[in-house]
Structures are given as C-alpha cells and as structure tokens.
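Participant:
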Amino acid sequence: MSTGIWILIVIIAAILGAVGGFFMARRTMESYLKKNPPISEDMMRSMMTSMGQKPSQKKLNQMMAQMKAQSNNK
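To convert a position in the sequence shown, counted from 1, into the numbering used here, add 929.
What follows is the structure, given as structure tokens:
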C-alpha cells in the first residue's frame, strides 16, 4: 500500500480513539460523581457551623435533597 493510505488510516484511528476516550472518560466521571457526591452531610454541617448557624437534621436533609434535585436536573 502507498504511504498516503497508511497516513490516512493513522489519522482516522487517532480521531476515533480520541472521541471514544472522551465519551468513556465522561461516563466514568458521571458514575463516580453519582456514587461519591462532592459534598456530604458532615461537610455541610461543618460549613454551616463555621458560618455561625446551628444546623438541624431537618435543614441538612432539605439542603441535601435540593442538591440531589439540582444535580438530577442537569
């Protein structure tokens, strides 16, 4: 085969690999963030305490529900 065909094959393989890698990494990150949310109740409790608020369990549950609803809307 001529050199031009080999170059074309390499370019097409690189493009397909980049596109496939992007979508695989995106799916992996989405599943990771779903299993491990970036903010937990303990983190939120300490954040509210540092701001001078006394967090009740009801308020923490409401804030966590709001965060889950917001992440599901995206």
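Ideal placement from N, C-alpha and C gives every residue a C-beta, glycine not left out.
Alpha helix (DSSP H) containing N1002: first to last residue?
Facilitator: Residue mapping note: residue 1002 aligns to position 73 of the sequence shown, counting from 1. Counting along the chain, the alpha helix (DSSP H) containing N1002 begins and ends at Q986 to N1002.
Participant: Between P984 and R974, is the Cβ-Cβ spacing less than 8 Å?
Facilitator: Here the question's residue 984 lines up with position 55 in the sequence shown. Here the question's residue 974 lines up with position 45 in the sequence shown. Yes, Cβ-Cβ distance for P984 and R974 is below 8 Å.
Participant: Give me the Cα-Cα distance between S969 and G946, rounded to the nearest whole angstrom.
Facilitator: Residue 969 sits at position 40 when you count from the first residue of the sequence shown. Residue 946 sits at position 17 when you count from the first residue of the sequence shown. A straight line joining the alpha-carbon of S969 with that of G946 spans about 36 Å.
Participant: Identify the continuous alpha helix (DSSP H) that holds S975 and give its terminal residues.
Facilitator: Looking up residue 975 in the sequence shown gives position 46. According to the DSSP assignment, S975 belongs to the alpha helix (DSSP H) that extends over E970 to S979.
Participant: Identify which residue in D971, S1000 and N1002 has its Cα closest to the Cα of K988.
Facilitator: For the purposes of this step, residue 988 is taken as the residue at position 59 of the sequence shown. Relative to K988, the option among D971, S1000 and N1002 whose CA is nearest is D971.
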